[in-house]
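Novice:
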Amino acid sequence: MLIATALGDVGRSLRVSISASLIAMVVGVSAGTVLGLARFRGRRLIATFVYTGMAIPTVVIGLVVALVLWRSGPLGSLGWIYTLKGMVIAQVLIATPLITGITMAAIQALPPELPDQLLALGASRRQFVFRLWVEARVPLLAAVMAGFGHAISEVGAATIVGGNIHDQTRVLTTGIVEDVGKGDFGPALAYGAVLLGFAFLVNALLTSVQQRGAAWANS
Amino acid sequence: MTLRWRAIVGALLAMAAVVVVGCGSSDSGSSSGSAKGTMVMATTTSTRDTGLLDVLVPAFERASDCSVKTVAVGSGQALKLGEQGNADALLVHSPDAEEAFMKAGHGLSRRAVMHNDFVVVGPPGDPAGVARTQSASAAFKRIAAARAPFASRGDDSGTNAKELKIWQSAGVTPQGSWYFKTGQGMGETLTIASQKNAYTLSDRGTFLATKGLDSKILEQGDQALQNYYHVIVVRHSGTNTACAKAFSNWITSPSTQRLIGAFGVKKYGRALFTPDAGS
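If you read the sequences in order, they're chains A and B. For the first sequence, our numbering assigns the number -9 to the initial residue and increments by one for each residue that follows. For the second sequence, our numbering assigns the number 5 to the initial residue and increments by one for each residue that follows.
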């Protein structure tokens, strides 16, 4: 019973945060690439907004998403409040600025002559962007991992939008808050250890990719 | 200094002494002179969500040399905090658990403070037909029979304990997709229940104090829905027993009981709590 509850919470945490990170990756990497390459009026202002978005408290995002998804809110008819779908939306909004910001910085940090070289070699638009992403793969992976880490570890939006409903929307972080609220420190610590385990796995993956990249560059 | 000045100063001092002594005896009964410092009071979310704490705590701090840190949690955790010595006084409403707490020797004293009542609330349309029932357990039976959504606190709070007791007396073991647990406080659970068109059990005060709800009161007045609050002075080494005792005496004193009886009348048109001390 307890194990089933725990597995359910772990599964929901992973499902919500992985889906949110994947959506945020598509949006964030594309937007970050455009912002990193393009030169247009207002680019700096947008960049400032992106960096501000990286620092928005997750509870604020939770509040806004809840107000929108509320039965009386503009998207209330979807019935997504207190569902995993609602939580994914909130976490996409949490992770996207982070991924966009890091991608933008990574693209700008590429050797300035690289775009010209690629174009001189006759790369198509698609090949051009793809090549840039391959060159910047380590920081891009770091961006997605950072987005995932931020999403799975946050509790404010998950509580407000998800509602911590048992067997439906309870996830690791909201479970920890509830267990501590009941004085059940044992399960709370166990959930904390699981979250820490995820952080370790993510970073191990990132480090191994980084090292392999470095070895490749040296050879 | 002239003789006249001395007389004036002396008279002022005497008056001050009378005032101090007078306040001490009228406000806090046997408030001992050594009661000072910081105390932690663990209490339930209902006393916070209704705003009662915002009235009581400053009044007690004015009447004593104690400063109060309140921790508003479910009654279950409040008792646990007391057991661990992390709270000095408890203001809780989970009678069965409180009696076990006293029996285990964790408390020095337990006194009745006040009561309010629980209400069964649900969607205005009342799909389970709860409003036509005469008792809480009959209402719960209907909800279970209709498999209408029901939001449970599921957090070991006093309200949760009361809810489970009613299910028991209704002879129903609540389970299935219609019965869900929020694991959160009363205000949050009311909001979730309202948004999901679900029934729930709430103390009347928090229901009235929570904004933006569509839910309506559908069952009330049953004797089984009474909600009794007690103040407990924790027995544990390292606790601020002097302040906890002073608080226990103060909250059961006649003037504080009047304050409790008048709370909420202005804002909600009716008292939220009925004083019980001395009864």
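Glycine residues also receive a C-beta, built at the ideal position from the N, C-alpha and C atoms.
Would you call the region 19 to 26 of chain A and the region 88 to 103 of chain A in contact, with 3 or more CB pairs under 8 Å?
Specialist: yes
Novice: Which residues of the region 135 to 169 of chain A have a Cβ closer than 7 Å to any Cβ of chain B? Give them in chain order.
Specialist: Gly153, Asn154, Ile155, His156, Gln158, Arg160 and Glu168
Novice: Please return the same chain residues whose Cβ sits closer than 6 Å to the Cβ of Arg52/B, not counting the five positions on each side in sequence.
Specialist: Ala76
Novice: With H, G and I counted as helix, E and B as strand and the rest as coil, what does DSSP make of Arg262/B?
Specialist: helix
Novice: Below 7 Å between beta carbons: does that hold for Pro246/B and Ala39/B?
Specialist: With the sequence shown as reference, residue 246/B is identified as Ala, and Pro is not the correct amino acid for it. Here Ala246/B is near Ala39/B, since their CB atoms are less than 7 Å apart.
Novice: Within the continuous alpha helix (DSSP H) that includes Lys40/B, where are the two ends?
Specialist: Here Lys40/B belongs to no alpha helix (DSSP H); instead the beta strand (DSSP E) covers Lys40 to Thr47.
Novice: For Asp157/A, I'd like the list of residues in its chain whose CB is within less than 7 Å of its CB, leaving aside the five on either flank, ordered along the chain.
Specialist: Gly(-2)
Novice: With H, G and I counted as helix, E and B as strand and the rest as coil, what does DSSP make of Asn210/A?
Specialist: Outside the shown range of chain A, which is -9 to 209, sits residue 210/A, and nothing can be said about it.
Novice: Name the residue from Asp174/A, Gly137/A and Leu179/A whose alpha carbon lies nearest to the alpha carbon of Val6/A.
Specialist: Gly137/A
Novice: Could you pull the start and end residues of the beta strand (DSSP E) that Thr204/B belongs to?
Specialist: Note, Thr204/B: beta strand (DSSP E), Tyr203 to Asp207.
Novice: What first and last residue would you give for the beta strand (DSSP E) that runs through Phe122/B?
Specialist: Gly111 to Gly126
Novice: Taking the alpha-carbon of Pro279/B as reference, which of Gly225/B, Val124/B and Val235/B has the nearest alpha-carbon?
Specialist: Val235/B
Novice: Expressed to the nearest angstrom, what Euclidean distance is found between the alpha-carbon atoms of His97/B and Asn231/B?
Specialist: 7 Å
Novice: Identify the continuous beta strand (DSSP E) that holds His234/B and give its terminal residues.
Specialist: Gln230 to Val238
Novice: At 8 Å on the CB atoms, spell out the chain B contacts of Tyr72/A, in chain order.
Specialist: Ile196, Gln199 and Lys200
Novice: Counting contacts by CB-CB distance shorter than 7 Å, is Arg61/A in contact with chain B?
Specialist: yes
Novice: If Leu263/B and Ala108/B are in contact, beta carbons under 8 Å, what's the gap, nearest whole angstrom?
Specialist: At roughly 32 Å, the Cβ-Cβ gap does not stay under 8 Å, so Leu263/B and Ala108/B are not in contact.
Novice: Asp69/B by DSSP, collapsed to three states: which one?
Specialist: strand
Novice: Considering only C-alpha positions, which residue in the set Ala228/B, Leu56/B, Thr49/B and Lys200/B is nearest to Asp160/B?
Specialist: Out of Ala228/B, Leu56/B, Thr49/B and Lys200/B, the CA that lies nearest to the CA of Asp160/B is found in Thr49/B.
Novice: Hey, is the region 108 to 125 of chain A in contact with the region 42 to 60 of chain A, meaning 3+ C-beta pairs nearer than 8 Å?
Specialist: No, because fewer than three Cβ pairs between the region 108 to 125 of chain A and the region 42 to 60 of chain A fall closer than 8 Å, the two stretches do not touch.
Novice: On the DSSP letters alone, give me the boundaries of the beta strand (DSSP E) that Ala96/B sits inside.
Specialist: According to the sequence displayed, residue 96/B carries Val and not Ala. Going by DSSP, Val96/B is part of the beta strand (DSSP E) stretching over Ala93 to Val96.
Novice: Mind listing which residues of the region 73 to 85 of chain B have their C-beta closer than 8 Å to chain E's C-betas, in chain order?
Specialist: The structure shown contains no chain E; its protein chains are A and B.
Novice: At a CB distance below 7 Å, what residues from the region 179 to 190 of chain B approach chain A? Give them in sequence order.
Specialist: Phe184, Lys185, Thr186, Gly187 and Gln188
Novice: CB-CB under 6 Å to Gln261/B, same chain, minus the five flanking residues each way: which ones, in chain order?
Specialist: Pro279 and Ala281
Novice: Identify which residue in Ala(-6)/A, Ile13/A, Glu168/A and Gly1/A has its Cα closest to the Cα of Met135/A.
Specialist: Ile13/A
Novice: Name the chain A residues that come within less than 7 Å of Asp226/B, Cβ to Cβ?
Specialist: The contacting residues do not exist; Asp226/B stays about 27 Å from chain A at best.
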